[in-house]
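Going by UniProt numbering, the first residue of the sequence shown is number 1, and it counts up by one from there.
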Amino acid sequence: MHWDFRCPSRMAEECGLRSISPGFYSKLWCFLAVRALCLSFSKCRVELIILSSPQGCLDGVFLHKRHLEESLAHMVGLDIQDEMGRHEVGHIDNSMKIPLNNGAGCRFEGQFSINKVPGNFHVSTHSATAQPQNPDMTHIIHKLSFGDTLQVQNVHGAFNALGGADRLTSNPLASHDYILKIVPTVYEDKSGKQQYSYQYTVANKEYVAYSHTGRIIPAIWFRYDLSPITVKYTERRQPLYRFITTRVTMKFNPFVTSDRSKNRKRHFNAPSHVRRKIMSSPLSKELRQKYNVRSMPIRKDDEVQVVRGHYKGQQIGKVVQVYRKKYVIYIERVQREKANGTTVHVGIHPSKVVITRLKLDKDRKKILERKAKSRQVGKEKGKYKEELIEKMQE
Numbered sequence: 001m002h003w004d005f006r007c008p009s010r011m012a013e014e015c016g017l018r019s020i021s022p023g024f025y026s027k028l029w030c031f032l033a034v035r036a037l038c039l040s041f042s043k044c045r046v047e048l049i050i051l052s053s054p055q056g057c058l059d060g061v062f063l064h065k066r067h068l069e070e071s072l073a074h075m076v077g078l079d080i081q082d083e084m085g086r087h088e089v090g091h092i093d094n095s096m097k098i099p100l101n102n103g104a105g106c107r108f109e110g111q112f113s114i115n116k117v118p119g120n121f122h123v124s125t126h127s128a129t130a131q132p133q134n135p136d137m138t139h140i141i142h143k144l145s146f147g148d149t150l151q152v153q154n155v156h157g158a159f160n161a162l163g164g165a166d167r168l169t170s171n172p173l174a175s176h177d178y179i180l181k182i183v184p185t186v187y188e189d190k191s192g193k194q195q196y197s198y199q200y201t202v203a204n205k206e207y208v209a210y211s212h213t214g215r216i217i218p219a220i221w222f223r224y225d226l227s228p229i230t231v232k233y234t235e236r237r238q239p240l241y242r243f244i245t246t247r248v249t250m251k252f253n254p255f256v257t258s259d260r261s262k263n264r265k266r267h268f269n270a271p272s273h274v275r276r277k278i279m280s281s282p283l284s285k286e287l288r289q290k291y292n293v294r295s296m297p298i299r300k301d302d303e304v305q306v307v308r309g310h311y312k313g314q315q316i317g318k319v320v321q322v323y324r325k326k327y328v329i330y331i332e333r334v335q336r337e338k339a340n341g342t343t344v345h346v347g348i349h350p351s352k353v354v355i356t357r358l359k360l361d362k363d364r365k366k367i368l369e370r371k372a373k374s375r376q377v378g379k380e381k382g383k384y385k386e387e388l389i390e391k392m393q394e
């Protein structure tokens, strides 16, 4: 994009527009500049779409791996099977085997299409006329992807979940099973152009398989199944009114500022009820599991343990005072001796301790119940259960 920063009135004179005041062009120029700045901000919306039944063909399965056994360089092949009756042994279209390390290994690359039904494709020596004596299926997977390659920075997904998988230290005679759950993904940019790709999750296991003759014939299996849910990413420009309102809100909101001195002043001049929330401490592992709450505002008679700072590792002590004005708490047995010989408590910030026992009363029990309930709702937000998916499909 090219910008011309000449004066608007001069540009108007050059174009022969002398009847309109220069102030109009200044306002128009300012509006266009703000509009261009607004259009530079975009967002990506994520949608979940339920498909009735996957049909058709999945193009662009790119398999890129490396084998480290010289006897397999000319024997290894790709076999494809699915529930529609397809069974190809030794698939060679759009595939190549590149020798590496003076023939001590080979790089296998292939690109092929699969039907949108459950099936598998595997790398093995099944298509060889004579099976090797000691096959070695240790490998590295550089890339395994489905569909188009999305070159989008703001979309982070598992499009190459097996990339970098290293099985060089595994048993050479072992077979490897990769179970893939493929999720169709659609990305629509601001111009309306769509790209179709697929994300997938993977689980793997390793085992030694014997044939009916008693021989070990290892293979690398990729068993896949397609999810009925499609993820759609839609990129949209941010409207001008939203851009202006968010900036104006940040500008005139007294609680939003980038000035460090103002933030510090607001922190130390906070009222007591705000300081109470700031002076919250994390709960111990046992209390988190018991109450399903991560932290609580600390109070007198709570038992805590210092886990950070100079007094780290001290034995568990009871809180004897909560000094909100200085943002510190005093713990029994955490003391120091003054020059005149008297002992005083040392102020500890609540973030440096862990609550091991709560002083419970009816108000605190209500707080625990409320926080646990809201935390449970937050965990379930955005999750789809099997019953809900079945209802949506019906």
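C-beta: ideal position from N, C-alpha, C; glycine also.
What you are looking at is a predicted structure, and each value in this text was computed from that prediction instead of being measured.
Determine, using beta carbons only, whether glycine 163 and isoleucine 141 come nearer to each other than 8 angstroms. yes
Could you check which residue in His122, Gln321, Ala165, Asn171 has the C-alpha nearest to that of residue 444? Absent from the structure is residue 444, since the part of the chain shown begins at 1 and ends at 394.
In three-state terms, what does DSSP make of asparagine 204? strand
So for histidine 267, helix, strand or coil by DSSP? helix
Please go through the region 270 to 317 and give each complete beta strand (DSSP E) segment of 3 or more residues, from N-terminal end onward. 280 to 282, 295 to 297, 303 to 306
Look up valine 377 in the DSSP assignment and say whether it is helix, strand or coil. helix
Along the beta strand (DSSP E) that carries aspartate 361, what are the first and last residues, could you check? No beta strand (DSSP E) holds aspartate 361; DSSP gives it neither H nor E.
Isoleucine 80 - partner residues in DSSP beta bridges: Glu88, Phe121
Alpha carbons only, please: which of Tyr207, Val202, Thr169, Phe159 is nearest the one belonging to proline 184? Phe159
According to DSSP, is alanine 219 part of a helix, a strand, or is it coil? coil
Within 10 angstroms of the Cβ of aspartate 302, are there 16 or more other Cβ atoms? Answer buried if so, exposed if not. buried
Determine contact between the region 117 to 129 and the region 230 to 237, defined as no fewer than three beta-carbon pairs at a distance below 8 angstroms. no
Within the same chain, show all residues whose beta-carbon is closer than 6 angstroms to that of glutamine 81, passing over the 5 residues directly before and after it, in chain order. His87, Gly119, Asn120
Rounded to a whole number of angstroms, what is the C-alpha to C-alpha distance between asparagine 263 and arginine 275? 14 angstroms
With distance defined between alpha-carbon atoms, name the residue in Thr213, Asp177, Arg223, Tyr210 nearest to asparagine 204. Asp177
Taking contact to mean 3 or more Cβ pairs, one atom from each stretch, closer than 8 angstroms, check whether the region 293 to 307 and the region 338 to 357 are in contact. yes
Excluding the five sequence neighbours on either side, which residues of its own chain have a C-beta within less than 6 angstroms of the C-beta of serine 374, listed in chain order? none
Mind the definition here: the region 94 to 114 touches the region 202 to 221 only if three or more C-beta pairs lie below 8 angstroms; say whether that holds. no
Roughly how many whole angstroms lie between the Cα atoms of leucine 368 and threonine 257? 32 angstroms
Range covered by the beta strand (DSSP E) that runs through proline 99: 95 to 100
Residue range of the beta strand (DSSP E) that serine 175 falls in? 175 to 188
Exposed unless 16 or more other CB atoms sit within 10 angstroms - verdict on serine 53: Confidence is the limiting factor: at serine 53 the pLDDT is only 42, short of 50, which leaves the residue's position unreliable, though a coordinate-based value still follows. Answer is exposed; the Cβ neighbour count stays below 16.
Quick one: using the 10 Å Cβ neighbour count with 16 as the cut-off for buried, is alanine 174 buried or exposed? buried
Put alanine 339 into one of helix, strand or coil per three-state DSSP. coil
Does DSSP put threonine 234 in a helix, a strand or coil? strand
Rounded to the nearest angstrom, what separates serine 227 and threonine 201 at their Cα positions? 11 angstroms
For the candidate residues Asp225, Ala165, Asn292, His212, whose alpha-carbon lies nearest to that of histidine 139? Ala165
In this structure, how does DSSP classify phenylalanine 243 when only helix, strand and coil are distinguished? helix
Alanine 372 in three-state terms, based on DSSP: helix
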